[in-house]
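In the UniProt record's numbering, the protein residues as written are 1 to 142. Let me begin by presenting the structure, written as structure tokens, before commenting on it.
Shown next, in the form of structure tokens:
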């Protein structure tokens, strides 16, 4: 199975069961948060972009992006009007669980819930692939 073009998803971290959320206070801070039951700041529309995907927030229209395009490990993920193209590596395609990677960097980096934290507001960063659950994300149709 794969994602569906134009479909909104709630993106759930497999280590913490928290979801990718964009802050309503600045429309830029991307973090993990407890699922709030379907508010649009936790919905991300999947859009095909070449060989990868972009993810556009359902409330703000911001894309999952990076705070520093030249940065390496521990670079923060943010919301921006500049989309980043991500690739998905299946962990369990039948359940829509993927490792989300940045394909254009000189080193492979994965979307990572920093420290596997289940605390609201935990940062999402880029980090070297570890195959740990904090780098695995389940896409749930919204």
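Yeah, the Cβ is synthetic: ideal placement off N, Cα and C, and Gly gets one too.
Along the beta strand (DSSP E) that carries residue 123, what are the first and last residues, could you check? 122 to 127
Determine the contact status of residue 129 and residue 110, defining contact as a CB-CB distance below 7 Å. Judged by beta-carbon spacing, residue 110 lies within the 7 Å limit of residue 129, meaning their Cβ atoms are closer than that value.
Quick check: what's the CA-CA separation for residue 112 versus residue 124? So the two alpha carbons sit approximately 6 Å from each other.
Residues sharing a beta bridge with residue 31, DSSP: 21, 123
Here's the rule I'm using: 16 or more other beta-carbon atoms within 10 Å means buried, otherwise exposed. How should residue 14 be labelled? Looking at its Cβ environment, which holds 16 or more other Cβ atoms inside 10 Å, residue 14 is buried.
From the DSSP output, which residues share a beta bridge with residue 43? Residue 43 pairs with nothing; no bridge assigned.
Residue 115 in three-state terms, based on DSSP: The three-state reading of DSSP puts residue 115 in helix, counting H, G and I together.
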